[in-house]
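From first to last, the protein sequence lines stand for chains H and S.
In terms of our numbering, the first sequence opens at residue 101 and continues consecutively.
In terms of our numbering, the second sequence opens at residue 101 and continues consecutively.
A short write-up of the structure that comes next.
2 protein chains.
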Amino acid sequence: MPSPEPRTSLELRSLVKSSGELELSLVRTDIPVPAADEVTVRIEATPINPSDQGLLFGAADLSTGRSAGLQDAPAFTATVPPERMKSMAGRVDRSMTVGNEGAGVVIRAGSSPTAQALLGRTVALFGGGTYAQYRNVQAERCLALPDGTRPADAASCFINPLTALGLVETMRREGHRALVHAPAASNLGQMLVRICASDGVELVNIVRSESQRQRLVDMGARHVCDLSVPSFSADLATAVASTGATIAFDAIGGGTLASQLFSAMEAAATSKLREYTRYGSDVLKQVYIYGSLDTGPTILQRNFGLTWSLSGWLLWPFLKKIGPGAEAKLRERVVAELHTTFASPYAKVISLPDALRPDVIAAYGQRATGGKYLINPNL
Amino acid sequence: MPSPEPRTSLELRSLVKSSGELELSLVRTDIPVPAADEVTVRIEATPINPSDQGLLFGAADLSTGRSAGLQDAPAFTATVPPERMKSMAGRVDRSMTVGNEGAGVVIRAGSSPTAQALLGRTVALFGGGTYAQYRNVQAERCLALPDGTRPADAASCFINPLTALGLVETMRREGHRALVHAPAASNLGQMLVRICASDGVELVNIVRSESQRQRLVDMGARHVCDLSVPSFSADLATAVASTGATIAFDAIGGGTLASQLFSAMEAAATSKLREYTRYGSDVLKQVYIYGSLDTGPTILQRNFGLTWSLSGWLLWPFLKKIGPGAEAKLRERVVAELHTTFASPYAKVISLPDALRPDVIAAYGQRATGGKYLINPNL
């Protein structure tokens, strides 16, 4: 139990300057008194997800990174190549808080009954600015966890679990009966393997190496296609045909994967047609891009008829679309299966100052599968 | 009035042989007695649309085309390059009838009241196989035309008019308030200019030359962007922002146009945001590809957030989705405005044997705007 009662909070800030420089720094701010419907959370665990790194580093070239600032006020700077500054227009010279989600303990609560009920509880939270020692947040954005839950185990309660559940839910709501996922060996991909096994949904997993393929097979995945082998197209066609998958979720984004997915789905559909139609089958083929591990262009060869759709997919609009009741059910499942389906392993736990060290950034900035870092801002 | 009553019909056939050769020929077939709900139409006008040419020529290289067959049984052959044969798999060695729509006179009718009511009437029809002297078709697929309508004026009653109306209807049903169209100087594009002017819908027209731009401006089009000038991207951004268009229909298909459309729509949306969000705006941006004048790949740069969708659009599934009642209303409008909104000019009227002549194919095979041919199979 910390004493005396904290009045200030150290928080991480990311700033892209109009001079073309990224600066990460730690800023001390006052902790406001929580409003009636708010609570103050002492954050003890907050993950560095790929979605956080986009905001954290902007378009900076990390190979130019170096330490800056003073010993008791550390900072990190790197150069943003001039040709990439255009994409930064919306955030130039605006100091941004970082961190989409985390977990910790409620140390103060506003006057509303919902807020008061959380006092002293361990909660997961989302909504930005979690790379901070303390964070005020609306009580309804908190997920109260069973007594005894360690914040480190609950730090990734929202983004990956709700996204994984959201993909399966999207598949169901749009009338498909099996799905394809890439890249499937990610933390989220492994959650999806467990969800689909438990729900009896056929899943085609696309991985990028033999070791990833082996890992998923060891988990019990039935359909695993390795992008790195020459037989990938044929393997994908077979898996898509045998599962009847007509929807795919792709977090790679760039390249020809979406096009290959449409072709495989269309081949499965036309193989069932008795008559030739040059417009292709009338089976709707849907690919969602929900990430950008490959930021290069998406290239469609358009040899898969005219009944297809390629769209962006994002968690927040999806949750808005399904509404609070349906979202609450997904959240309940996350809490119930926190240590099984939704277990998130971390490579390392670091402090806020650690997160600004060039050698540490060089490690977590790789976004390697299985190499996820966790920040404990109160370490 | 033809006599004696015809028993056979000459029809055009397209055949891609497994040897890699395309063959167009004329085949004489018996005219079946119409079923109860069918009529026999003497076809007097049937257009050569881009959508017909896809089936007519398959993947053949027209520069290799030559005459074949005997004088009273003309034929045309051309080579299909080996690398393109894969895309022909569904139709190899199957002799295909050609022609999506046309108009003519009902010379026989089945016993049903709907069929009998059409006897002697001039009708427009669709459903394939219209490059023939006579065609049996379900009565409900016919559009009865006012007395005195010339078949040549009604030959293109379906595809272009219903597509043009379908694009505006899709815009409305999906909640958008203005639309972008490319290529806008086509026959369909000009119909769209007239529909939008009459309906008070803002339309951004994308053309490919100064002469096309001038033609649309002369028609009264307010927003015309020329793809061939260096300021195209800036012109498009301005037009999209000023109209609020968030949906586009693109029959070019290949290249970066869809990507540029998304970028222009997203720029208009984010210019209204007060806070930076690296996921982009929550305004849904929709681009439909409904043709393939450029058969090259579609290339998306994905710098327009995650709220977007790129899809195929095709007339038949659209009509199925809106249902017979809504379709009937669109058809009524086509008949009412046949000589104004939906007027289709032709460069030339040719016979069925003409359609197989290499010099004639060289002319209509160019798919030039304003160069559309009409076949009169009974010439």
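Backbone N, C-alpha and C fix where the C-beta goes; we use that ideal spot for every residue, glycine too.
Since we're looking at a predicted model, the values are computed, not measured.
CA nearest to the CA of residue i, picked from the options
i: H:V307; options: H:G300, H:V141, H:A297, H:R322; result: H:R322
i: S:L373; options: H:G190, H:L156, H:Y390; result: H:G190
i: H:G275; options: H:P134, H:G210, H:L384, H:G320; result: H:L384
i: S:D459; options: S:E138, S:S163, S:F442; result: S:S163
i: S:L393; options: S:Q386, S:F332, S:D350; result: S:D350
i: S:Y481; options: S:L124, S:S371, S:G266, S:T197; result: Residue 481 of chain S lies beyond the stretch modelled for chain S, which goes from 101 to 479, so this question has no answer here.
i: H:V449; options: H:M185, H:A368, H:I148; result: H:I148
i: S:V198; options: S:Y388, S:D318, S:D161, S:L112; result: S:L112
i: H:L353; options: H:I399, H:P453, H:A337, H:D318; result: Correcting the residue identity first, residue 353 of chain H is Gly in this sequence and not Leu. Answer by Cα proximity: H:I399.
i: S:D152; options: S:G227, S:S211, S:D161; result: S:G227
i: S:A436; options: S:T108, S:T249, S:A426, S:I422; result: S:T249
i: S:L438; options: S:R221, S:M185, S:L245, S:S328; result: S:L245
i: S:D335; options: S:S311, S:T222, S:V304; result: S:V304
i: S:P397; options: H:S109, H:T356, H:G396, H:T263; result: H:T356
i: S:D130; options: S:L262, S:L122, S:R107; result: S:R107
i: H:S167; options: H:A455, H:R241, H:P477, H:G471; result: H:A455
i: H:E310; options: H:A135, H:S328, H:D318, H:M319; result: H:S328
i: H:K420; options: H:A345, H:E105, H:Q290, H:L262; result: H:L262
i: S:R221; options: S:D247, S:N200, S:S211; result: S:D247
i: H:P132; options: H:R315, H:G423, H:R313, H:S109; result: H:S109
i: H:Q216; options: H:G289, H:R194, H:P134; result: H:P134
i: S:Q312; options: S:Q290, S:S331, S:S333; result: S:Q290
Contact set between residue i and chain H, taken where Cβ atoms lie within less than 7 Å
i: S:S392; result: R402
i: S:Y379; result: L414
i: S:D350; result: Correct list: empty, because the minimum Cβ distance to chain H is about 12 Å.
i: S:T370; result: G190
Close beta carbons around residue i, own chain, < 8 Å, minus the five adjacent residues each side
i: H:V268; result: L279, L292, I295, C296, D299, V301
i: H:M101; result: With a pLDDT of only 46 at H:M101, under 50, the local geometry of the prediction cannot be trusted, and the value read off the model is given with reservation. Within the same chain, H:M101 has no close Cβ partners at all.
i: H:S103; result: Its pLDDT being 49, under 50, H:S103 is placed unreliably in this model, and the coordinates cannot settle the point.
i: H:P182; result: G120
Chain H residues whose Cβ lies nearer than 8 Å to that of residue i
i: S:R194; result: Y376
Neighbour list for residue i in chain S, Cβ cutoff strictly below 7 Å
i: H:T398; result: L400, R402
Partners in chain S for residue i, counting only beta-carbon separations shorter than 9 Å
i: H:D382; result: L414, W416, P417, K420
Chain-order list of residues whose beta-carbon lies under 7 Å from that of residue i (same chain, five-residue window excluded)
i: H:G202; result: I143, A145, T146, L225, T230, A255
i: S:Y473; result: I148, Y446, A447, K448, I450, Y464
i: S:I347; result: M271, E274, H276, L279, Q386
i: H:G169; result: S125, A175
i: H:Y379; result: G405, L406
i: H:L218; result: V139, V206, A209, A239, C242, A244
i: S:N476; result: E144, A145, V449, S451
i: H:D382; result: T407
Partners in chain S for residue i, counting only beta-carbon separations shorter than 8 Å
i: H:T407; result: G412, L414, P417
Same chain, Cβ closer than 6 Å to residue i, neighbours up to 5 away in sequence not counted
i: H:S114; result: L124, L156, M196, V198
i: H:T179; result: D161, T164
i: S:Y388; result: F349, S411, W413
i: H:A462; result: none
i: H:A337; result: A364, A367
i: S:E427; result: L419
i: S:W408; result: F362, K385
i: S:S211; result: A136
Check: residue i C-beta below 7 Å from any heavy atom of the ligand MN
i: H:T177; result: Looking for the ligand MN in the displayed structure turns up nothing, as the structure carries no ligands at all.
**Message:** Would the stretch 195-207 of chain H count as touching the stretch 167-175 of chain H if we require 3 or more Cβ pairs under 8 Å?
**Reply:** Not touching, per the Cβ criterion.
**Asked** Is there contact between the stretch 117-130 of chain H and the stretch 415-435 of chain H, where contact requires at least three CB pairs shorter than 8 Å?
**Response** Three or more beta-carbon pairs separated by less than 8 Å are not found between the stretch 117-130 of chain H and the stretch 415-435 of chain H, which leaves the two stretches without contact.
**Message:** Output needed in chain order: residues of the stretch 139-157 of chain S with a Cβ under 9 Å from some Cβ in chain H.
**Reply:** Answer in chain order: S151, G154, L155.
**Asked** Counting Cβ pairs, one atom from each stretch, are 3 or more of them under 8 Å apart for the stretch 242-255 of chain H and the stretch 281-288 of chain H?
**Response** Taking a cut-off of 8 Å for Cβ pairs, the stretch 242-255 of chain H and the stretch 281-288 of chain H do not touch, as fewer than three such pairs fall below it.
**Item:** Segment contact, 8 Å Cβ cut-off, at least three pairs: the stretch 132-143 of chain S with the stretch 232-250 of chain S
**Value:** Contact between the stretch 132-143 of chain S and the stretch 232-250 of chain S is established, with three or more Cβ pairs separated by less than 8 Å.
**Message:** Short of 8 Å Cβ to Cβ, which residues in the stretch 180-192 of chain S face chain H?
**Reply:** Cβ contacts with chain H come from S187, G190, R191.
**Asked** Are the stretch 352-369 of chain H and the stretch 321-341 of chain H touching by the rule of at least three beta carbon pairs closer than 8 Å?
**Response** Flag = yes, the stretch 352-369 of chain H and the stretch 321-341 of chain H touch.
**Message:** Which residues of the stretch 350-366 of chain S have a Cβ closer than 7 Å to any Cβ of chain H? Give them in chain order.
**Reply:** From the stretch 350-366 of chain S, only G353 have a Cβ closer than 7 Å to chain H.
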